[in-house]
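Only one structure is covered here, and it is reproduced in the block below.
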Ligand code: ARG
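In full-length UniProt numbering, the protein residues as written are 1 to 589.
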């Protein structure tokens, strides 16, 4: 369905043409003077030179042609040649009604369903999720939902860090703690136990301890590297251990992502790319893409136009070991072979931008991807504490995601109980969690992904201002009115939207017509913040309407029904909006 701006621009374009001017001049934008009008057209200014006429004369001609047009309440030519446009209430109403008949509420769907892989989350096995992983999960999940909604087939892949030195560190750390395990007995011939020889909490202890030790103890580090190599070369006992580490870790990761409303279609990892590496290296060598440099195998990726140095992409180290690069390139090769996606989107810390520039260039140069394959890097900034430094616990340690969520859950639980003493603990807990997730996610997503932001718990959990809880509060307010209306015998579904009868109602209706614009713009630029900005404006517009209108107390039944319909539509749009951001609303709060 055409967007409002397209429809109006066409009408105004017709009027330009009818007056003898180029119809392209009729392009209409949203007014930057909402106190004067809703839409504006500056085409007469642009046409003045071409037609050797004063802009206001052109604008006058066009306004005369639009006089009496039912699409508009008013089209005014004002000095020095602007067209100020106010659409008719009926136009706004009928647009909304049409929009609601569409499956995706006015979003233009692509003719086919392009496939994209989105690589986000990126947690490392054996390490607990910490706040550093929050942004990738939150932004990635939202982009996934937005792109799905706008007609793409999206495959979300968590791309676990499950193959590097950390695995060798855990194995070596475990060996030190429990040397008698069968995995460390070279003569052991039996089958390996099904049960993991550690719990998730033990695992979370082993990794940091081993990592610390490897920095102080050369011998330990060498042993960890040896263990990593053995694992990667397929040494059976370590493979068996590795499966345990993976299973225990993934189960815990799933639990935590679940709490955040984040889910993945694929639980692949760096290890899955391992088998594809030898073949890819051979291919890069035989095609002459890769060459040796100081013993290492590299692909040059610098370009003449570079203003800063882009180092070559290293494929193999001088000892023949593969790197993070190698894994990512081999993963690209596998993804192209298995899925043939239109593009791959990476949601990763922006400090990895140079790295991804190298990887993308290398993938193009070595033709791992097609010339038309899109490779997108969505680099996100750091989540900082109030001091402007990376977010830490009060004690100064790395904050575990689980603890952060629990802390906010608790805070919200107290708030919900205080505001609604009659609510059961169970409902309060569920509601508190919904509100907490909205606070965390909206606090993050309302910023442009690439910007650093300050994680301010008090601000994010406030029921007022540009926050997730404010949006939910608005929705709960609507739900409560609709419920009362039904309790009094009304039927929300049958309520019919009428033409606006106040400025506040009209503003709200015009905002509703902009839903698809905001979603499409978020999809195009991979920027969920556009949806935050939209639903915030919409919530504000709703609240202004609500404060200035008697809804349930309205005695004119026709009007009352129309208000109820407007509330239901606003709720539906807000519900869709927050779903695209990755959270949901409670019934009351
Ligand atoms: N595990 C990596 C890290 O913690 C992030 C993975 C990002 N995705 C990728 N395909 N490289 O830094």
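The C-beta atom is built at its ideal place from N, Cα and C for all residues, glycine as well.
Under the rule that 16 or more other beta-carbon atoms within 10 Å means buried, what is residue i, buried or exposed?
i, result
"residue 11", "buried"
"residue 59", "buried"
"residue 101", "exposed"
"residue 201", "exposed"
"residue 354", "exposed"
"residue 558", "exposed"
"residue 36", "exposed"
"residue 383", "buried"
"residue 394", "exposed"
"residue 252", "buried"
"residue 271", "buried"
"residue 128", "buried"
"residue 441", "buried"
"residue 278", "exposed"
"residue 175", "buried"
"residue 606", "A question about residue 606 goes unanswered here, because the residues of the chain that appear run from 1 up to 589."
"residue 234", "exposed"
"residue 358", "buried"
"residue 199", "exposed"
Tell me where the alpha helix (DSSP H) around residue i begins and ends.
i, result
"residue 225", "218-232"
"residue 328", "324-339"
"residue 558", "557-581"
"residue 4", "4-18"
"residue 360", "353-365"
"residue 532", "529-548"
"residue 247", "236-259"
"residue 65", "55-66"
Just grab the DSSP bridge partners of residue i for me.
i, result
"residue 400", "130"
"residue 348", "379"
"residue 39", "30, 85"
"residue 298", "291, 314"
"residue 392", "398"
"residue 161", "124"
"residue 266", "157"
"residue 384", "390, 454"
"residue 374", "343"
Provide the residue span of the beta strand (DSSP E) that contains residue i, from first to last.
i, result
"residue 292", "291-293"
"residue 198", "Taken as a continuous stretch (DSSP letters only), residue 198 belongs to no beta strand (DSSP E), as it is neither H nor E."
"residue 45", "No beta strand (DSSP E) holds residue 45; the alpha helix (DSSP H) holding it covers 43-51."
"residue 314", "313-316"
"residue 74", "72-78"
"residue 119", "115-119"
Below 8 Å between beta carbons: does that hold for residue i and residue j?
i, j, result
"residue 33", "residue 509", "no"
"residue 368", "residue 336", "yes"
"residue 417", "residue 428", "yes"
"residue 347", "residue 88", "no"
"residue 230", "residue 167", "no"
"residue 3", "residue 517", "yes"
"residue 401", "residue 133", "yes"
"residue 574", "residue 142", "no"
"residue 117", "residue 162", "no"
"residue 571", "residue 478", "yes"
"residue 434", "residue 539", "no"
"residue 44", "residue 28", "no"
"residue 507", "residue 533", "no"
"residue 73", "residue 86", "yes"
"residue 187", "residue 159", "no"
"residue 339", "residue 564", "no"
"residue 490", "residue 468", "no"
"residue 334", "residue 386", "no"
"residue 475", "residue 566", "no"
"residue 40", "residue 83", "yes"
"residue 301", "residue 351", "no"
"residue 203", "residue 249", "yes"
"residue 13", "residue 48", "no"
"residue 150", "residue 523", "yes"
Since I believe residue j is in contact with residue i (beta carbons under 8 Å), could you give me their beta-carbon distance rounded to a whole number of angstroms?
i, j, result
"residue 18", "residue 65", "5 Å"
"residue 497", "residue 537", "So it is not a contact: roughly 20 Å between Cβ atoms."
"residue 224", "residue 165", "6 Å"
"residue 105", "residue 513", "Not quite, the Cβ-Cβ distance comes to about 10 Å (not below 8 Å), so this is no contact."
"residue 77", "residue 91", "Not confirmed; about 20 Å, so no contact."
"residue 391", "residue 138", "With 8 Å as the limit, residue 391 and residue 138 do not qualify as a contact, their Cβ atoms being about 14 Å apart."
"residue 366", "residue 299", "6 Å"
"residue 332", "residue 315", "At roughly 13 Å, the Cβ-Cβ gap does not stay under 8 Å, so residue 332 and residue 315 are not in contact."
"residue 446", "residue 529", "6 Å"
"residue 527", "residue 448", "7 Å"
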